[in-house]
Amino acid sequence: AGKFKAVTDEAGDELLRDPHAVLVDQSVRLWIAAGDDFVLCREGQQWRRFRIARHLTRPYVSSLAEEPDGTVWAGSMSEGLVVFTGGKLSTITASSGLSDNFVESLLVDREGNIWVGTAAGLNRLRHINLSVSGPNEGLGYGAVQGLAEMAPGMIWAGKPGDGLYESSGKGFNLVNVADLPRRFPDVNALLKTRDGACWVGCSQGLLRFQDPRSPSETEVEFPALPDVNVVALAADGSNGVWAGARDGALWRMVDGEWSVQTNFSQPHAITALAQGTDGSLWIGTEGGGMYRFKDTVLDHLDQSRGLSSGVIRAFHLDAGGTLWIGTAGGGLCWLRDGHISTCTTREGMPDNTISQILEDDSGRLWLGSNRGIACVKKTELEELAAGKIHAVYPQIFGHAEGMPSEECTGGFFPAGLKTQSGQLWFSTMKGIVVADPREHPSDESAPAAVLEEVLVDGGSSSEFRISGFDAGGTNGSLKAGEPEPGMLSIPPGKHRAEFSYTAPSFIAPERIRFRYKLDGLDADWVDAGTRRSAFYNYLPPGEYRFRVQSCSSEGIWNQNGAELPFRVLTYFWQTTWFRILMGVLLLGLAGGTARVIEKNKLQRRLAQLEQERALERERSRIAQDLHDDLGSSLAHISLLSSLMKTDKEQPALVEKHADKIFKSADQTVRALEEIVWAVRPGGDSLQSLVEYIAHFANELFEGNHTRCRLDLPHDLPAVTLLPEIRHNMFLVVKEALTNALKHAGATEVRVSAKAGADTLEIVVQDDGKGFHPPTHFLAKKKRDGLGNMQHRAEAIGGRIEFRTLPGKGTEVRLIVNLNHERP
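The opening residue of the sequence shown carries number 27 in this note's numbering; numbering runs sequentially from there.
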């Protein structure tokens with residue numbers, strides 16, 4: 027009700043004494059920074075206090091901000107950032123990387139970045155789905171080649187040259203039992219089996235830990251398969267173990283006994299193993315493709331069978347029976363129902379070497395490559411295989427997302443790990459990267475594309491112009507969302523064009539992908555990857571529209587792209603019609619000359635007749651207006667003048683007659699002014715019509731108690747109107763305004779106009795008493811006021827709509843097709 031109510035002691039004395047910042051979050055909770063060290067939160071009728079730890083005299087909070095996920099941030103004047111989540115608070119200070127603990131301002135942008143203004147400068151914080159384990163976590167330097175989860179939260183990692191490490195969530199420690207680091211420093215692969223044991227593949231053989239949950243106390247079996255360089259491990263469905271060796275031998279352990287199952291004629295290192303549901307084993311090799319094995323080799327797939335590369339890096343067999351295959355140099359392949367499909371960098375992959383394949387609980391594949399980790403939906407890959415789409419756009423994680431090294435290790439299997447908690451662990455050349463597959467919400471996922479520059483034949487853009495837009499002064503820039511300024515015209519003889527574009531973003535701008543399409547030339551979108559320019563070496567003459575869209579690193583497209591219409595002109599002697607015309611003229615010059623002359627005479631005669639018909643029609647209309655308007659008004663004036671002479675002895679009657687003569691003369695002047703305006707050559711434009719309507723409305727309502735509001739545009743298209751059309755349009759609006767003034771009893775009348783590509787719409791609204799619209803006048807076209815308005819609208823190819831009810835006012839809407847041609 028326009029009143030304020032003071033917050034009292036229910037919130038505490040701090041609130042009354044010294045409030046600094048206020049925030050209402052998405053849950054309609056009220057946050058108030060108050061006093062020296064308090065932040066108060068009101069949810070419903072309850073207040074909750076949070077006290078900021080203080081190291082200086084006044085650590086009070088000066089700013090508050092909220093993330094899209096509901097997390098509230100507070101900026102302290104001496105204690106850095108304070109984060110409120112889950113009913114608890116935590117701090118981020120200079121010791122955590124903030125430039126200064128004196129926070130002056132906070133902002134959360136549309137991409138989810140948190141901008142922090144401190145006394146020492148500007149900071150940017152952003153959420154990442156990755157965490158890293160490296161030297162700071164006790165893992166040492168260098169690559170990790172194998173991972174396994176021994177118990178929930180207990181991870182083992184193998185490092186070449188260092189041996190075996192274990193972690194229980196508080197950093198990594200070297201497993202130093204039975205002198206393992208010295209005797210078996212090169213750990214290649216790890217496998218936990220159903221009986222709880224852990225098998226460790228080394229370059230000197232295969233180790234088995236009986237109880238890996240207590241590595242310092244467990245029994246270690248040394249080594250099985252001595253002097254065999256084991257690089258791949260997989261569990262056998264019958265409680266056995268498969269082991270692939272660097273020399274190409276495949277070993278199997280059943281009931282504690284190891285035996286060689288196969289040794290290929292052309293041995294290649296076995297780099298991946300996957301057991302099928304039918305008991306068969308898929309074997310991936312380094313150079314020999316892949317094999318399906320069950321007691322003997324059942325099938326061999328290589329490049330001649332559709333495999334994109336003979337070097338296999340990883341396998342993943344999903345619940346639906348699809349075998350996903352990571353290759354070196356051939357991208358991602360998958361085998362389903364005997365058919366192999368492929369997705370490479372041409373279809374959107376960040377790299378053609380896929381060394382690790384993991385699947386999260388949402389049906390997405392996480393692919394470890396030499397250029398980061400890519401996350402892509404399996405459904406999109408299936409649509410790619412079916413030809414429904416031509417490319418996929420995975421979410422990519424790299425240096426910008428916190429990876430110390432974008433290269434994931436390969437050539438050993440399994441190299442990645444999905445834990446029981448759903449986390450995805452990737453071994454890389456610089457430690458371990460852990461991905462949280464849960465998505466973090468943001469206001470907007472992709473920035474809009476911006477068209478920066480257009481170059482024609484490599485020259486300056488000042489050589490051409492856009493109508494209403496100087497390309498030379500702005501380098502041809504056209505931003506997304508701006509109105510189309512005009513049509514770019516490229517002069518004849520210039521056919522090579524280059525379009526430069528970008529998409530402003532603070533989140534991994536180097537990973538933003540683009541696609542573009544030139545309507546009129548390109549049949550479909552062209553995937554440009556991260557390239558920010560499009561080249562066309564030859565553009566034939568014609569009209570085109572260049573469009574570009576951007577895709578964020580999360581694989582989400584922003585449909586609000588930039589576009590630019592243009593045309594390539596041609597010399598007239600180069601056109602096809604000119605060549606055909608010249609041929610026809612050369613072949614039929616003698617016989618066709620007389621026909622052309624006769625045809626021209628006929629056309630001139632028809633044009634003359636049409637002009638005479640139009641002139642006659644205009645004369646008839648002017649004569650009718652003079653007769654109807656001026657004739658009747660002058661006759662009325664003549665009659666009143668006669669009455670004045672008769673009643674000259676009666677002053678009251680003379681005054682009454684004189685007043686009527688004045689009003690009639692005024693109407694006559696207005697009618698004459700309307701007729702002159704309708705036939706004046708300079709008033710044949712849309713703008714002139716609208717300006718005259720405004721002039722008439724101002725004069726009509728001048729001095730009356732009824733207000734008239736005009737909402738008429740000032741930049742109408744340059745369209746020429748015939749005198750008959752603009753005259754009838756004006757008379758319809760005039761009738762509507764006169765009715766509103768004389769009969770509606772309105773206090774306010776509004777006149778508005780809106781022009782489309784080829785239509786003009788004029789609306790007259792009043793807040794008067796309204797009426798019950800008759801249902802018969804439109805059909806019978808009665809010549810009352812409404813019927814006349816309908817008749818005039820139809821005569822110029824338009825239509826009129828009436829919306830009214832008693833006590834609800836009246837709306838008259840006139841819609842005219844500007845391209846209408848009178849028959």
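In this text, a Cβ means the ideal position worked out from N, Cα and C, and glycines have one as well.
From the options, residue whose alpha carbon lies closest to that of residue i
i, options, result
"Phe-853", "Glu-432, Leu-206, Pro-211 and Gly-184", "Only positions 27 to 849 of the chain appear in the structure, and residue 853 is not among them; the question remains open."
"Thr-117", "Gly-618, Pro-85 and Leu-148", "Pro-85"
"Leu-590", "Leu-299, Cys-224 and Glu-569", "Glu-569"
"Asn-724", "Leu-767, Glu-750 and Gln-713", "Leu-767"
"Arg-829", "Lys-795, Val-842 and Leu-844", "Lys-795"
"Glu-385", "Ile-415, Ala-120 and Thr-348", "Thr-348"
"Glu-283", "Leu-251, Gln-52, Arg-776 and Glu-638", "Leu-251"
"Phe-525", "Glu-536, Pro-535, Pro-517 and Tyr-542", "Tyr-542"
"Asn-812", "Asp-793, Ser-330, Gly-123 and Val-759", "The sequence given here has Leu at residue 812, not Asn. Answer by Cα proximity: Val-759."
"Glu-820", "Thr-445, Leu-844 and Thr-836", "Leu-844"
"Arg-339", "Leu-327, Leu-358 and His-798", "Leu-358"
"Gln-421", "Ile-415, Trp-392, Gly-413 and Pro-832", "Trp-392"
"Val-842", "Lys-834, Leu-715 and Leu-49", "Leu-715"
"Thr-764", "Pro-749, Ala-781 and Glu-728", "Glu-728"
"Asp-553", "Thr-311, Leu-565, Glu-137 and Glu-373", "Glu-373"
"Asp-550", "Ile-687, Arg-239, Ala-417 and Pro-249", "Ala-417"
"Trp-599", "Pro-238, Pro-518 and Tyr-167", "Pro-518"
"Thr-528", "Leu-49, Met-513, Phe-561 and Pro-473", "Pro-473"
Beta-carbon gap between residue i and residue j smaller than 9 angstroms
i, j, result
"Ser-159", "Asn-127", "no"
"Gly-457", "Pro-161", "yes"
"Ala-452", "Thr-297", "Strictly speaking, residue 452 in this sequence is Phe, with Ala absent from that position. Not in contact: Phe-452 and Thr-297 (Cβ atoms no closer than 9 angstroms)."
"Ile-822", "Ile-719", "no"
"Gly-172", "Ala-441", "yes"
"Ser-104", "Ala-47", "no"
"Gly-555", "Arg-539", "yes"
"Ala-400", "Pro-376", "yes"
"Asn-584", "Ser-578", "yes"
"Gly-231", "Phe-248", "yes"
"Arg-318", "Gly-302", "yes"
"Gly-189", "Leu-200", "yes"
"Thr-311", "Gly-274", "yes"
"Val-98", "Trp-57", "yes"
"Ser-229", "Asn-255", "yes"
Reduced DSSP category for residue i - H, G, I as helix; E, B as strand; rest coil
i, result
"Ser-468", "In this prediction, Ser-468 has a pLDDT of 47, which is less than 50 and means its spatial position is unreliable; what the coordinates show is noted afterwards. The answer is coil: DSSP assigns Ser-468 none of H, G, I, E or B."
"Gln-816", "helix"
"Gly-389", "coil"
"Thr-619", "helix"
"Val-50", "strand"
"Asn-724", "helix"
"Trp-603", "helix"
"His-683", "helix"
"Val-753", "Note on residue identity: the sequence assigns His, not Val, to residue 753. His-753: helix per DSSP, three-state reduction."
"Phe-561", "strand"
"Gln-634", "helix"
"Pro-677", "helix"
"Glu-93", "coil"
"Gln-230", "coil"
"Ile-582", "coil"
"Asn-149", "strand"
"Arg-397", "coil"
"Thr-836", "strand"
"Val-745", "coil"
"Pro-591", "strand"
"Asn-843", "strand"
"Pro-161", "helix"
"His-769", "coil"
Residues bridged to residue i [DSSP beta-bridge criterion]
i, result
"Leu-56", "Val-50 and Arg-68"
"Ile-351", "Phe-341 and Cys-359"
"Gly-184", "Gly-172 and Leu-190"
"Tyr-542", "Val-552 and Val-574"
"Ala-417", "In DSSP, Ala-417 forms no bridge with anything."
beta-carbon residue i near the ligand COA non-hydrogen atom, thresh 8 angstroms
i, result
"Gly-609", "The ligand content of the structure shown is nil, which means the ligand COA is not present either."
Assess, as a yes-or-no matter, whether the stretch 139-148 is touched by the stretch 397-413 under the definition of 3 or more beta carbon pairs within less than 8 angstroms. no
Touch test, the stretch 737-745 against the stretch 761-775, Cβ-Cβ under 8 angstroms, three pairs minimum: no
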